[in-house]
Amino acid sequence: MIELPEHAFESGRPVALRGARTPAPFLPDQGDASVDRDGAALIDILVVDGRVTAVGPSGAVTAPEGTIEVELDGRHVWPTLVDMHAHLDKGHIVDRAPNPDGTHEGAAAATGVDREARWRHDDLVRRMSFGLACAEAHGVSAIRTHLDSHEGQGPETWGAFRAARDAFAGRVALQAVALAPMEIYATPYAEALADIVAETGGLLGGVARLDGASPQDDLAAFDALLDRMFALADARGLDVDLHVDESADTARATLPTIARATLRHGYEGRVACGHCCSLALQDEATLDEHIKLVADAGVAVVTLPTVNMYLQDRRAGRTPRWRGVTPVQELTAGGVRVAVAGDNCRDPFYAYGDHDMLDTFRQGVKILHLDHPFGRAAALAGPVPADVMGLSDHGAIRAGGPANLILLDAWSMDQVLARPQGDRIVIRDGRRLTAAPPSYAALRSQPSR
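Laid out in structure tokens, this is it:
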């Protein structure tokens, strides 16, 4: 356990972290700094008035008189992390809306029943706030959440999101995406939803999935829906974030169609696609073709390893044969920006989790084989999602940036990943965060309106 000197990160005095070990992807200004076998650099970090004022090789940073010196002796220091794909509105309903069979279909049905019966303002704000408090305590400083925005539900959910965002202003930076079946873009409601999203500063999105008998016929109709969505987004200056190919069906892949629509509408660099599960099952030639198209369109991909491994290829009485995750290594090698994110938390789609991006990264490394060597794996949980979200002050440690840090009692990446790091120290704007994750007692009495 790390023992901080008296008044460190509490008194407002400058603090120098000496001998911090930080993965190089979190250090954008360190250039060719020497790194260890895990790809981490040994550095000093100077914090003054809530900002990082200097970052440099250990022993090379000069501190002003009166600075509190903290000797970390090579322990890991990370920036606070970024979760760019969450579902705060669904969170923490698993006790009252259990998934009957563990499948994606069972999850969708259970969620739909609960949404219609109980998703009112107070219930939504309470559960969103609970999730945000968990994330904040674990060292997550930015979240992009998808919000179920079906007609009849959208205005209420977006109003609750705005209330939660206001309550956590300066604590967790929040973005929101409209989530609904793509078919809504063929209805008059699409215009009203786009206006709500624009008024809130959100993003347009939807669930890209083909269910008809003919993939060719489906793609033609799907293309028209994409054109309508992009037109609504462009008219309001909105970016796009979609749920894509969350299945094993390679014949009905929508990702290449989305990439072509992105190019057609001049939306390069402004589109993110989450899941992309079936991409991993394409033959090598098709995989290469799709990755090149995605890279050319500047589409970012978000992998959700814990939830996709949990849901995909699930059949009663049968052990799954594949992990359900998108081909992260191939996408990265092909020049695609790839982020890792948490997805669902204690809801019918995933009954577990605690909005902890460090835990998501720990599991992602193992599921996606991002080790041996680690290389730039850490970028998936910080710099990449921050870049996709347009948040320059998150996911990295740089001079001039906020002192948003996670101090870990671990000297190597294997130690970081071996334990939950429940004794981590979270620093926000130069102050030690003392709040623990909230008790589940806060959810015991959930209002229905």
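Each residue of the sequence shown is one higher than the last, beginning at 1273 in the working numbering. Beta carbons are placed, not taken as given, at the ideal position from N, Cα and C, and that holds for glycine. What you are looking at is a predicted structure, and each value in this text was computed from that prediction instead of being measured.
Can you tell me which of the three DSSP states Pro1655 falls into?
helix
Sequence-distant residues of the same chain with beta carbon closer than 7 angstroms to Leu1527, five excluded per side
Val1516, Asp1517, Cys1545, Cys1548, Leu1551, His1562 and Val1566
Around the C-beta of Gln1447, are 16 or more other C-beta atoms found within 10 angstroms, so that it is buried, or is it exposed?
buried
Once the 5 residues before and after Leu1318 are set aside, which same chain residues still bring their CB inside 6 angstroms of it?
Ala1288, Thr1325, Ala1326, Val1333 and Ala1335
Cα separation between Asp1321 and Ala1671?
13 angstroms
Using a Cβ-Cβ cut-off of 7 angstroms (strictly less than) and excluding sequence neighbours within five positions of Asp1373, which residues of its own chain qualify?
Ala1588
Element boundaries [beta strand (DSSP E), containing Pro1528]
It is not in any beta strand (DSSP E) - Pro1528 instead sits in the alpha helix (DSSP H) that spans Leu1527 to Arg1536.
Would you kindly work out how many angstroms separate the C-alpha atoms of Ile1699 and Pro1277, rounded to a whole number?
14 angstroms
Leaving aside the five residues before and after Gln1521 along the sequence, list all residues of the same chain whose C-beta is less than 7 angstroms from its C-beta, in chain order.
Rather than Gln, the amino acid found at residue 1521 in this sequence is Asp. The residues are Ser1550.
If you follow the beta strand (DSSP E) that Pro1295 is in, where does it begin and where does it stop?
Val1287 to Pro1295
What separation, rounded to the nearest whole angstrom, lies between the Cα atoms of Pro1674 and Ser1664?
10 angstroms
Along the chain, where does the beta strand (DSSP E) that runs through Ile1274 open and close?
Per DSSP, Ile1274 belongs to no beta strand (DSSP E) and is neither H nor E.
So what's Arg1434 in DSSP terms, helix, strand or just coil?
helix
Residue burial classification, Ala1362 (beta-carbon count within 10 angstroms, cutoff 16):
Correcting the residue type first, residue 1362 is Lys in the shown sequence and not Ala. Its Cβ being crowded by 16 or more others within 10 Å, Lys1362 is buried.
Verify whether the separation of the beta carbon atoms of Gly1636 and Gly1625 is less than 9 angstroms.
no
Check whether the Cβ atoms of Ala1389 and Leu1344 sit closer than 9 angstroms, and answer yes or no.
no
For my contact list, Leu1514 and Pro1577 are in at a C-beta cut-off of 8 angstroms; report their separation, rounded to the angstrom.
Going by Cβ atoms, the distance from Leu1514 to Pro1577 rounds to 19 angstroms, so no, they are not a contact pair.
Exposed or buried, Trp1594, counting other C-beta atoms within 10 Å across all chains shown (16 or more means buried)?
exposed
Beta-bridge pairing of Thr1706 - partner residues as DSSP gives them:
Thr1706 is not bridged to any residue.
At the level of alpha carbons, what is the spacing between Asp1499 and Ala1533?
7 angstroms
Please state whether DSSP places Pro1370 in a helix, a strand or coil.
coil
Just to confirm the assignment, what range does the beta strand (DSSP E) spanning Thr1325 have?
Arg1323 to Pro1329
From this set, Leu1419, Ala1523 and Gly1424, which residue's C-alpha is nearest Asp1555's C-alpha?
Ala1523
Where does Ala1644 land, buried or exposed, given buried means 16+ other C-beta within 10 angstroms?
Correcting the residue type first, residue 1644 is His in the shown sequence and not Ala. By the neighbour-count rule (16 or more Cβ atoms within 10 Å), His1644 is not buried but exposed.
Just to confirm my understanding: we take Ala1623, look at its own chain, exclude 5 residues before and 5 after, and list those with CB closer than 6 angstroms. What are they?
Val1366
For Thr1575, write down the residues that DSSP places opposite it in a beta bridge.
Val1612
Between the CA atoms of Glu1471 and Arg1691 - distance to the nearest angstrom
42 angstroms
Checking the sheet assignment: what are the DSSP bridge partners for His1515?
Val1479 and Gly1546
Hey, quick one: how far does the alpha helix (DSSP H) through Glu1561 stretch, first residue to last?
Glu1556 to Asp1568
Residue range of the alpha helix (DSSP H) that Ser1401 falls in?
His1393 to His1410
Between the segment 1644–1655 and the segment 1424–1443, do three or more beta carbon pairs fall short of 8 angstroms?
no
Distance check for Thr1459 and Gln1693, CA to CA, integer angstroms please.
48 angstroms
Quick check: what's the CA-CA separation for Ala1358 versus Ala1452?
15 angstroms
If you draw a straight line from the alpha carbon of Trp1430 to that of Leu1680, how long is it in whole angstroms?
36 angstroms
Alpha carbon of Arg1696 to alpha carbon of Ala1707, nearest angstrom
12 angstroms
Could you say which of Val1354, Leu1559 and Phe1281 lies nearest to Leu1603 if we only look at CA atoms?
Leu1559
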